[in-house]
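Colleague: Please see the structure below; I have some questions.
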Amino acid sequence: MDATLRIRIHFGDRGFFGPGKAQLLELIASEGSIAAAGRAMGMSYRRAWLLVEDMNALFDAPLVAAQHGGQGGGGAVVTPEGMAVLARYRAVIEKAEAAAGQDIAFLVNRLSP
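The C-terminal residue of the sequence shown carries number 278 in my numbering, and the numbering is unbroken.
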């Protein structure tokens, strides 16, 4: 049995950043599109766009920037700020997993069959 630590960082009444937003950022970076990232997560473009707007408003610089159309169409990119936020979020998870590893293993070993 494997256990997963999921961390959602709440910034008071300003908002939060957690695994879903992190995954959306990763998918935007790899897909180059908010719509494609949303589809990959099983959500509508509107929902994905609203999450991007939330993230962009939460931090002091946008995490995602829309690219205007042209020959190949538009799209979106994760900004350097977005990549930095994503890297720090992943670092928080790694550190928390390392710190809590023995306690999580203890709990896993005591799960009912």
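Beta carbons: idealized from backbone N, C-alpha and C, even for Gly. As the structure is a computational prediction, the values presented were derived from the model and not from experiment.
So, are the CB atoms of A256 and A241 less than 8 Å apart?
Modeller: no
Colleague: Take M208 as the anchor and find which of V243, A194, K186 and R171 has the nearest alpha-carbon.
Modeller: K186
Colleague: Starting from the Cα of V243, find the closest Cα among I199, A222, R171 and I172 and give me that residue.
Modeller: I199
Colleague: Does I287 pass the burial test, meaning 16 or more other C-beta atoms within 10 Å, or should it be called exposed?
Modeller: Given a span of 166 to 278 for the chain in the structure shown, any question on residue 287 remains unanswerable.
Colleague: When the Cα atoms are used, what is the spatial distance from A252 to L228?
Modeller: 12 Å
Colleague: Can you give me the start and stop residues for the alpha helix (DSSP H) that A252 sits inside?
Modeller: P245 to N274
Colleague: What residue from L276, A263 and E218 has the CA that sits closest to F181's CA?
Modeller: E218
Colleague: Tell me whether I174 sits in a helix, a strand or coil according to DSSP, three-state version.
Modeller: strand
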